[in-house]
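Enquirer: Residues in the sequence shown are numbered from 1 upward in steps of one, following this note's numbering.
Ideal Cβ placement from N, Cα and C applies to all residues, glycine included.
Keep in mind that this is a model prediction, so the values were computed, not measured.
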Amino acid sequence: MLAGLNVPISEDLMIIISAVLAATVVPENTYKLFAGVFLGCYLSDWVCYWIGRHFGPKLWNVRWFARTFNRNRIDQIQNYYAKYGFFTLLFGRFIPFGVRNGLFLTAGLGKMHFGKFLFSDGIACVLSNTILFTLAYHVGKNYEALLSTLKTFNIFLFGAFAVAIIGFIWYKRRKKAAT
């Protein structure tokens, strides 16, 4: 719910943590965990929408808001709503790091009908949360295999990095010796 107030708490991180917990610690609560994070995401969208709808242009007088949300970016999002409608919410829902809140806030600032917002955002939220939860659930279920793969990959990555550093030092020394 705090994400709707633009507190920097990642919805995606909450979904991923819930899915991994469902896969590893409490598999009997998988549906409850999904419902909890889904409702949290969906309701936080409403909070952001109503802030934009209720306070509207007065928000630009709040210094924190004016610094956080660029007026040109808000205008650009409103143009996307006018041009692409529902697809703005659908695709924007998959973009993290404050873009989503900009979408919901702009929907409120632009006085989008709340029913249309509920329907559009509901579909987008179900799709994005289901996809992310399912992916994180399956990754969490297979974490032992992934950890062994990552250990092998880390050894390879460390070796490649070491070769690159040695090569760079050798190149610099050779170049310095030539001058």
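(1) Given that a residue counts as buried once 16 or more other Cβ atoms are within 10 Å of its Cβ, and exposed if not, what is residue 82?
(2) Using the rule of at least 16 other Cβ atoms within 10 Å of the residue's Cβ for burial, across every protein chain shown, is residue 120 buried or exposed?
(3) For the alpha helix (DSSP H) holding residue 59, just list the boundary residues, first then last.
(4) Determine the contact status of residue 109 and residue 52, defining contact as a CB-CB distance below 8 Å.
(5) Within this structure, are the beta carbons of residue 39 and residue 18 separated by less than 8 Å?
(6) Can you tell me whether residue 26 is helix, strand or coil according to DSSP?
(7) Please report the Cβ distance between residue 11 and residue 41, rounded to the nearest whole angstrom; I am assuming they are in contact, meaning their Cβ atoms lie under 8 Å.
(8) Give me the Cβ distance between residue 137 and residue 23, rounded to the nearest whole Å; I'm assuming they're in contact under 8 Å.
(9) Contact between the region 111-128 and the region 82-99: three or more CB pairs below 8 Å?
(10) How far does the alpha helix (DSSP H) with residue 88 in it extend, from its first residue to its last?
(11) Tell whether a beta-carbon distance below 8 Å holds between residue 129 and residue 20.
(12) Return helix, strand or coil for residue 155, following the three-state DSSP convention.
(13) Please identify the residue among 26, 112, 60 whose C-alpha is closest to the C-alpha of residue 88.
(14) Within the continuous alpha helix (DSSP H) that includes residue 106, where are the two ends?
(15) Would you call the CB atoms of residue 155 and residue 106 closer than 8 Å?
(16) Nearest-angstrom Cα distance between residue 178 and residue 172?
(17) Check whether the Cβ atoms of residue 65 and residue 102 sit closer than 8 Å, and answer yes or no.
Expert: A quick look at the data gives this:
(1) exposed
(2) buried
(3) Premise fails: residue 59 is in no alpha helix (DSSP H) and is neither H nor E.
(4) yes
(5) no
(6) coil
(7) 5 Å
(8) 5 Å
(9) yes
(10) 86-92
(11) no
(12) helix
(13) 112
(14) 99-109
(15) no
(16) 10 Å
(17) no
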